[in-house]
Each structure stands twice: as C-alpha cells, then as structure tokens.
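First residue of the sequence shown: 822, per the numbering used here; consecutive thereafter.
We put the beta carbon where it would ideally sit given N, CA and C, even for glycine.
Worksheet: the structure to be examined is printed underneath.
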Amino acid sequence: MNAPDCTAIFEASCPLGDARIVVVPVPFEGTTSYGKGTAGGPTAIIDASHQLDFEDPWFGRTRDCGIAVDRAIAFDPKASPDEAGTQIESSLHERVSALLRQSKIPAVLGGEHSISLGAIRACADRFGPIGVLQVDAHMDLRLAYQGFTHSHASVMHEVLDRLPDVRKLVQVGIRDYCAEEVAFAQSQGERVEVLRDDELFRRCDMGESARAVFVEVIASLPERVYVSFDIDGLDPSLCPNTGTPVPGGLGFNQASLLLQVLAESGRTVVGFDLVEVAPSPGGGEWDANVGARVLYKLCGCAVRSQG
822 MNAPDCTAIF
832 EASCPLGDAR
842 IVVVPVPFEG
852 TTSYGKGTAG
862 GPTAIIDASH
872 QLDFEDPWFG
882 RTRDCGIAVD
892 RAIAFDPKAS
902 PDEAGTQIES
912 SLHERVSALL
922 RQSKIPAVLG
932 GEHSISLGAI
942 RACADRFGPI
952 GVLQVDAHMD
962 LRLAYQGFTH
972 SHASVMHEVL
982 DRLPDVRKLV
992 QVGIRDYCAE
1002 EVAFAQSQGE
1012 RVEVLRDDEL
1022 FRRCDMGESA
1032 RAVFVEVIAS
1042 LPERVYVSFD
1052 IDGLDPSLCP
1062 NTGTPVPGGL
1072 GFNQASLLLQ
1082 VLAESGRTVV
1092 GFDLVEVAPS
1102 PGGGEWDANV
1112 GARVLYKLCG
1122 CAVRSQG
C-alpha cells in the first residue's frame, strides 16, 4: 500500500537534503467507518498539485523554499487495523523525528486521521510542550470506535491520554460529536478548547469578524504548534468524497484566514498533517485539487511562522 514514487510536487523537484519542507505520504485507511478512498489521497494530492499557480496572496511563493516528497510510510497490509496503526505510529515517529533533527518541517499526508499520532508524538518529544490546532468536523475524542483504539475517531483521545507534552488542543470547525467526547473534553479542563462551527457562525452573525474569533482561539495555544487538518473540517462542497462529510464547516477563505492568523501570531508551526482527502471514485479531481491547495496553504503557514 505504498504510494508511487512521487519526487515532484507543485511542479518542482527538490532533493531531500535541500528541502525546508518534507512531505511524508501515509496511504492508510484501516478504520474508515463510512466512505472509503483516503488511501489514495497522497498520490491524488501530489498529482493535483501540479495544476496550481503558486503566487499566494496570504503566504507568497512558498514553493521556492524547497518542498520535497519522501518515500511513503510502509506497513503490513495484512495486519489488523490496530496492528497496522501501531506499525505506522512507530515508523512515522521515527521518520518525523529524523526530519526534525535535520531542521526540516514535516508535512504528513494521509490517509485517515489515525495516522497523526506518530507525527504529533515526534514533535512533542522534540519541542514539548506543544499545542495542537485541529481543524475537523469531528472531535475524534472517543476511547475507541468500532472496536479499534487506533481509530480515526479516537486519535485525539490517544494524543491527550498518551502525550503529556501536548499541553493544549484547540479544535475548530467541530459540528459532529457524541456525549462521550464532550465529557472527555470537559474532563481535560483548560487543556481542550473547542470552537464549534455553530458558535463561529453565531458570533459572526452577531457582528464579530472571523479574524477576531480566530485570534482569540489561537491566543490560547503555546509557542510551538502542530496543525492537524482533517479535510472534512471544510464545507463538504469542497470535499464531497471525504469519508464522513458533515453539513456546515469552514469555507476555503475562512480556513486560509485561520492559518494566516496562526502564522502572524508569533507562534511556530513545528509540523502538520493533512488527512481524509479521498479522490473521486469516478476520476474527478475536485477533492484532490482542494486538498493540494490546502497543503500549499499549510506549507506557507509553517514557513511564515518560522520566519
């Protein structure tokens, strides 16, 4: 289940040694519970990246900083989802740790959301204490889901339970959750801050600017931040083939503004992931095109935040 050997991204090839950002594909979907296809996300996004123009009004020409694509994370396709998840966590932790030692910015490309754990653990080990900014329709705070602890629906529960150096989790775009997740979030006290999608809508409807709301939530994060961006945090018109789409969500410009506010806040983005992008089974490129644009914004945010 490794991705094809993709050495070029955003119409450019960069040797790993010269790159500032290194994309690590993780084409895994072992616990997806509704729609399938996110294993094809990394290759589809990389392919779609060549269709973009690269002058960005928010972050400039990020491509020129050097973006390389590393080999995909390997795992046993015959293993159970939990076993494969453990393999991926270990391998990704090792890979991201090595990139951080080389002063690279790791950009992890899923795949389902469960893959984030290994990368977040590596960043917490290297830079802790850190915060996590999660863009998502879901809280992902279940203890387990459908019998799997290494699940896309429980990844942030694992992060909070296992990684004490993750001092703050800020969730944006949340609009689908269960009582168990709300109770767990409340049990964490100030460690978890949730900006629900309906709250963002209400505050903007009452006259606040989205920028002001984002400035407020970003201010609660510590100096070093890992960004975990689930594409279903966006309006589903932008990601119709993602596994668990939910009505509502951030518009593309709102998501871009959130990343701009983060980059301008004085905080440093130490790594990030983009997950749950699923190419159209009919061959359409819309999901991958949007995913490539979000990836470019994330790259720009990380580079801008590091000066």
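Exercise. Secondary structure at phenylalanine 1035, three-state DSSP: helix, strand or coil?
Worked result: Walking along the sequence shown from the start, residue 1035 turns up at place 214. Collapsing the DSSP output to three states places phenylalanine 1035 in a helix.
For this session: Grab me the residues of arginine 1024's own chain with a C-beta within less than 7 Å of its C-beta, minus the 5 sequence neighbours each way, in chain order.
Result: Along the sequence shown, one-based indexing puts residue 1024 at 203. Closer than 7 Å at the Cβ level, and outside the excluded window around arginine 1024, lie Val1034.
Problem set entry | Residue interval of the alpha helix (DSSP H) (run including phenylalanine 1005) | Along the sequence shown, one-based indexing puts residue 1005 at 184. That run of the alpha helix (DSSP H) goes 1000-1008.
For this session: Ignore the nearest five residues each way along the sequence and tell me which others in arginine 947's own chain have a CB closer than 6 Å to its CB.
Result: Translated into positions along the sequence shown, residue 947 becomes position 126. Same-chain partners within the cutoff: Leu921.
Problem set entry | Helix, strand or coil at threonine 883 [DSSP, three-state] | If you number the sequence shown from 1, residue 883 lands on position 62. Three-state DSSP puts threonine 883 in a helix.
Exercise. Can you name the start and end residues of the beta strand (DSSP E) that arginine 988 belongs to?
Worked result: Within the sequence shown, the letter at position 167 stands for residue 988. From DSSP, the beta strand (DSSP E) with arginine 988 extends over 987-995.
Exercise. Can you tell me the Cα-Cα spacing of aspartate 957 and glycine 1105, whole angstroms?
Worked result: As a working mapping, residue 957 is identified with position 136 in the sequence shown. As a working mapping, residue 1105 is identified with position 284 in the sequence shown. Cα to Cα, the separation comes out at about 23 Å.
For this session: Look up leucine 920 in the DSSP assignment and say whether it is helix, strand or coil.
Result: The residue you call residue 920 lines up with position 99 of the sequence shown. The answer is helix: DSSP assigns leucine 920 an H, G or I state.
Exercise. Around the Cβ of glycine 931, are there at least 16 other Cβ atoms within 10 angstroms (buried) or fewer (exposed)?
Worked result: On the sequence shown, position 110 is the one that residue 931 refers to. Glycine 931 should be labelled buried.
Exercise. Given proline 950, which residues of its chain have a CB within under 7 Å of its CB, disregarding the five upstream and five downstream residues?
Worked result: Here residue 950 refers to the residue found at position 129 of the sequence shown. Cβ within range, chain order: Asp986, Arg988, Pro1043.
Exercise. In angstroms, rounded to a whole number, what distance separates the CA positions of alanine 824 and glycine 1028?
Worked result: Taking the first residue of the sequence shown as 1, we reach residue 824 at position 3. Taking the first residue of the sequence shown as 1, we reach residue 1028 at position 207. Reliability of the predicted coordinates at alanine 824 is poor, the pLDDT of 40 falling under 50, and the value obtained from them is presented with this limitation in mind. About 46 Å.
Exercise. Leucine 990 to leucine 954, Cα distance in whole Å?
Worked result: Here residue 990 refers to the residue found at position 169 when the sequence shown is read from its first residue. Here residue 954 refers to the residue found at position 133 when the sequence shown is read from its first residue. Approximately 6 Å, taken between the alpha carbons.
Problem set entry | Cβ-Cβ separation, arginine 1032 to valine 1082 (assumed contact under 8 Å), whole Å | As a working note, residue 1082 is residue 261 in the sequence shown. As a working note, residue 1032 is residue 211 in the sequence shown. Between arginine 1032 and valine 1082 the Cβ distance is about 6 Å, and since that is below 8 Å, they are a contact.
For this session: Kindly give me the distance between the Cβ atoms of phenylalanine 1073 and leucine 1059, rounded to whole angstroms, as I take these residues to be in contact under 8 Å.
Result: Sequence index remark: in the sequence shown, residue 1073 carries index 252 (1-based). Sequence index remark: in the sequence shown, residue 1059 carries index 238 (1-based). About 6 Å separates the beta carbon of phenylalanine 1073 from that of leucine 1059, a gap short enough to meet the 8 Å contact definition.
For this session: Compute the distance between the beta-carbons of arginine 916 and valine 844, then report whether it is under 8 Å.
Result: If you number the sequence shown from 1, residue 916 lands on position 95. If you number the sequence shown from 1, residue 844 lands on position 23. No; because the gap between Cβ atoms is not below 8 Å, this pair is not in contact.
For this session: Round the Cβ separation of leucine 837 and aspartate 874 to the nearest angstrom and send it over; I've been treating them as touching at under 8 Å.
Result: By 1-based counting over the sequence shown, the position of residue 837 is 16. By 1-based counting over the sequence shown, the position of residue 874 is 53. So it is not a contact: roughly 25 Å between Cβ atoms.
Exercise. Which parts of the stretch 892-969 are runs of the alpha helix (DSSP H), unbroken and 4 residues or longer, counting only runs that do not cross its ends?
Worked result: Counting only runs of 4 or more, we get 902-922, 937-948.
Problem set entry | Residue environment, aspartate 826, which counts as buried when at least 16 other CB atoms sit within 10 Å | As a working note, residue 826 is residue 5 in the sequence shown. Residue confidence for aspartate 826 is low, a pLDDT of 44 falling below 50, so the modelled location carries little weight; the figure read from the coordinates is stated next. By the neighbour-count rule (16 or more Cβ atoms within 10 Å), aspartate 826 is not buried but exposed.
For this session: Go through its chain and collect everything with a Cβ distance to methionine 822's Cβ below 6 Å, but skip five positions before and after it.
Result: By 1-based counting over the sequence shown, the position of residue 822 is 1. Low confidence applies here, because methionine 822 scores a pLDDT of 35, under 50, leaving its location unreliable; read the following figure in that light. Residues of the same chain with a CB within less than 6 Å of the CB of methionine 822, apart from the 5 flanking positions on each side, are Pro848, Pro898 in chain order.
For this session: Tell me whether the beta-carbon of leucine 938 lies closer than 8 Å to the beta-carbon of glutamate 904.
Result: Start at 1 with the first residue of the sequence shown, and residue 938 comes out as number 117. Start at 1 with the first residue of the sequence shown, and residue 904 comes out as number 83. No, the pair does not count as a contact, with Cβ atoms beyond the cut-off.
For this session: Have a look at Val993, Ser1041, Leu1021, Glu1002 and flag the residue whose alpha-carbon is nearest the alpha-carbon of glutamate 1011.
Result: The residue labelled residue 1011 in the question sits at position 190 within the sequence shown. Nearest neighbour of glutamate 1011 by Cα position, chosen from Val993, Ser1041, Leu1021, Glu1002, turns out to be Ser1041.
Problem set entry | Backbone CA spacing between valine 1046 and alanine 889 [nearest angstrom] | By one-based count along the sequence shown, residue 1046 stands at place 225. By one-based count along the sequence shown, residue 889 stands at place 68. So the alpha carbons of these two residues sit roughly 22 Å apart.
Exercise. Going by DSSP, what residues sit across from leucine 1055 in a beta bridge?
Worked result: Position 234 of the sequence shown, counting from 1, holds the residue named residue 1055. Bridge partners of leucine 1055: Leu1071.
Exercise. So which of Glu1001, Asp1026, Ile995 has the shortest CA-CA distance to aspartate 1018?
Worked result: For this step, residue 1018 is matched to residue 197 along the sequence shown. Selected option, being the one with the closest Cα: Ile995.
For this session: Identify whether glycine 1064 lies in helix, strand or coil by the three-state DSSP scheme.
Result: To locate residue 1064, count along the sequence shown from 1; it is residue 243. Looking at glycine 1064 - three-state DSSP - the assignment turns out to be coil, as it is neither helix nor strand.
Exercise. Going along the chain, which residues of its own chain have a beta-carbon closer than 7 Å to the beta-carbon of glycine 1092, five neighbours each way excluded?
Worked result: Within the sequence shown, residue 1092 is the residue found at index 271, counting from 1. If we look at glycine 1092 and ignore the five residues flanking it on each side, its Cβ neighbours are Val917, Ile926, Pro927, Ala940, Cys944, Tyr1047.
Exercise. Per DSSP, phenylalanine 1093 is paired with what?
Worked result: In the sequence shown, counting from the first residue as 1, residue 1093 sits at position 272. Answer by DSSP bridge pairing, in chain order: Ala928, Val1048.
Problem set entry | Alpha-carbon spacing of arginine 983 relative to cysteine 1122, whole angstroms | Sequence index remark: in the sequence shown, residue 983 carries index 162 (1-based). Sequence index remark: in the sequence shown, residue 1122 carries index 301 (1-based). Roughly 27 Å separates the two Cα atoms.
Exercise. So, valine 1098 versus alanine 1109, is the Cβ gap smaller than 8 Å?
Worked result: Residue 1098 sits at position 277 when you count from the first residue of the sequence shown. Residue 1109 sits at position 288 when you count from the first residue of the sequence shown. For valine 1098 and alanine 1109, yes; Cβs fall inside 8 Å.
For this session: Would you identify the three-state DSSP class for alanine 889, choosing helix, strand or coil?
Result: Along the sequence shown, read from residue 1 onward, the residue named residue 889 stands at position 68. In the three-state reduction of the DSSP assignment, alanine 889 falls in the strand class.
Problem set entry | Minimum C-alpha distance to proline 902 - residue among Glu933, Val929, Glu876 | Here residue 902 refers to the residue found at position 81 when the sequence shown is read from its first residue. Of the listed residues, the one whose Cα sits closest to proline 902 is Glu933.
For this session: Report yes if the C-beta distance between alanine 895 and serine 912 is below 8 Å; otherwise report no.
Result: Translated into positions along the sequence shown, residue 895 becomes position 74. Translated into positions along the sequence shown, residue 912 becomes position 91. With a cutoff of 8 Å on beta-carbon distance, alanine 895 and serine 912 are scored as near each other.
Problem set entry | Proximal residues to alanine 860 (C-beta, below 7 Å), its chain only, five neighbours per side dropped | As a working note, residue 860 is residue 39 in the sequence shown. Beyond the five residues adjoining it in sequence on each side, alanine 860 comes within less than 7 Å, by CB distance, of Met822, Pro848, Phe849, Glu850, Gly932 in the same chain, given in chain order.
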